[in-house]
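Reviewing the structure listed below.
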Amino acid sequence: MKVYNLCCDQDHRFEGWFSSEQDFLSQSEHHQIACPTCDSPTIRKLPSAPHLNLSHAAATGASTANHAAREDVAMKQNAAFMEMAHYVIKNTEDVGERFTEEARRIHYKEVPTHAIRGIASASQREELAEEGIDVVELALPTRLTQPLQ
Ligand SMILES: [Zn+2]
Numbered sequence: 013m014k015v016y017n018l019c020c021d022q023d024h025r026f027e028g029w030f031s032s033e034q035d036f037l038s039q040s041e042h043h044q045i046a047c048p049t050c051d052s053p054t055i056r057k058l059p060s061a062p063h064l065n066l067s068h069a070a071a072t073g074a075s076t077a078n079h080a081a082r083e084d085v086a087m088k089q090n091a092a093f094m095e096m097a098h099y100v101i102k103n104t105e106d107v108g109e110r111f112t113e114e115a116r117r118i119h120y121k122e123v124p125t126h127a128i129r130g131i132a133s134a135s136q137r138e139e140l141a142e143e144g145i146d147v148v149e150l151a152l153p154t155r156l157t158q159p160l161q
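Position in the sequence shown (from 1) plus 12 gives the number in the working numbering.
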């Protein structure tokens, strides 16, 4: 399972989920990946990041119909998203508020490398970036935290 930070030609950043590097290359080649914000098929891959920062959509204040509609489009364009999000949740350690602390400990090799997810503010992510620690920001849809139908 591969998670890539992607960026369109208008500099909108989003995550792409692929079964393999090959899968990404093939979808990219056939312009099957579109920016969820502007629909641009011109997508490039940003440097990959080992750490995940999962923030809930609710926390970013997103309950407007507009956002819901955009989220829907993004979901359809990225049909595997939900499955992948579950995969991430199952395969990462939830360190919650300790995310930045734990990401640092991994970066400075104080603890063995492992996949973590948690909560970090924009300023905390900036601090991490300044230290050369990349994180992937992933806004989990609130419906993911509710029972599936
Ligand atoms: Zn875009």
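We put the beta carbon where it would ideally sit given N, CA and C, even for glycine.
Note that the coordinates shown come from a computational prediction; the quantities given were computed from them, not determined experimentally.
(message) If distances are taken between C-alpha atoms only, which option among 14, 13, 148 comes closest to residue 133?
(response) Distance check between residue 133 and each of 14, 13, 148 places 148 closest, using alpha-carbon atoms only.
(message) Let's see if you can read the secondary structure: which residues bound the beta strand (DSSP E) around residue 128?
(response) 128-130
(message) I'd like to check one pair, residue 140 with residue 116: are the Cβ atoms closer than 9 Å?
(response) Yes. Within cutoff.
(request) Name the two residues that bound the continuous beta strand (DSSP E) containing residue 56. (result) 55-57
(request) List the DSSP bridge partners of residue 16. (result) Secondary-structure assignment with DSSP links residue 16 through a beta bridge to 28.
(request) For residue 37, count neighbouring C-beta atoms within 10 Å of its own C-beta (all shown protein chains included) and say buried if the count is 16 or more, exposed if not. (result) exposed
(message) I believe residue 136 touches residue 112 by the beta-carbon criterion, under 8 Å. Please report the beta-carbon distance rounded to the nearest angstrom.
(response) 5 Å
(message) Considering only heavy atoms of ligand 1, does any lie closer than 8 Å to the CB of residue 40?
(response) no
(request) Consider the C-beta atom of residue 22 and the heavy atoms of ligand 1; say whether any pair is separated by less than 8 Å. (result) Checking the Cβ of residue 22 against ligand 1 gives yes.
(request) Express the C-alpha separation of residue 106 and residue 130 in angstroms, rounding to a whole number. (result) 6 Å
(message) Taking only three categories from DSSP, how would you classify residue 3?
(response) With the chain covering only 13 through 161, there is no way to say anything about residue 3.
(request) Assign residue 53 to buried or exposed, taking buried as 16 or more other Cβ atoms, counted over all protein chains shown, within 10 Å of its Cβ. (result) exposed
(request) Hey, could you find the ends of the alpha helix (DSSP H) residue 35 is sitting in? (result) Residue 35 -> alpha helix (DSSP H) spans 33-41.
(message) For a test of the three-state rule: what should DSSP assign to residue 100, helix, strand or coil?
(response) helix
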